[in-house]
Amino acid sequence: MSHKMPLEDMSRERREAVIRALASKLQSSAEIAKVQQYPNWPQLEELAATLFRDSSDLARAEPETARTSVMEGIRLLGQFQMSQIAIKPRIAH
């Protein structure tokens, strides 16, 4: 089981790595969402670009600033993932 560390307890380098990993996941999800014509794909793409561009600044900023951006990314990913579950065909057992 992995240890979940709050952003405010992470080093600046670790916070930046987490932010960049989230940005990468947002970007790949945005690409899938665009192909599938998911209506919120531009939000995924825009936040990914912002997080990539500002990851270093966010990592150095107050932890609450980084937390807000990370939570927005998680919210958008969650919505997209739930939409994927809703459209996947059910497999008969």
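My numbering numbers the first residue of the sequence shown as 8 and each following residue consecutively.
All residues carry an ideal CB built from backbone N, CA and C; glycine is no exception.
Where does residue i land, buried or exposed, given buried means 16+ other C-beta within 10 angstroms?
i: alanine 30; result: buried
i: glycine 85; result: exposed
i: methionine 89; result: exposed
i: alanine 66; result: buried
Can you tell me whether residue i is helix, strand or coil according to DSSP?
i: alanine 68; result: coil
i: methionine 12; result: coil
i: methionine 78; result: helix
i: proline 49; result: helix
i: glutamine 91; result: helix
i: glutamine 86; result: helix
Taking residue i as the reference, give the member of the options with the closest Cα.
i: arginine 82; options: Asp16, Arg60, Pro13, Leu33; result: Leu33
i: glutamate 53; options: Arg67, Gly80, Glu23; result: Gly80
i: leucine 51; options: Arg22, Arg67, Ala37, Thr57; result: Ala37
i: phenylalanine 87; options: Ala55, Ala40, Leu65; result: Ala40
TODO: Flag this pair as touching only if the stretch 66-76 and the stretch 39-47 have three or more C-beta atom pairs under 8 Å; answer yes or no.
DONE: Taking 8 Å as the limit for Cβ pairs, the verdict is that the stretch 39-47 does not touch the stretch 66-76.
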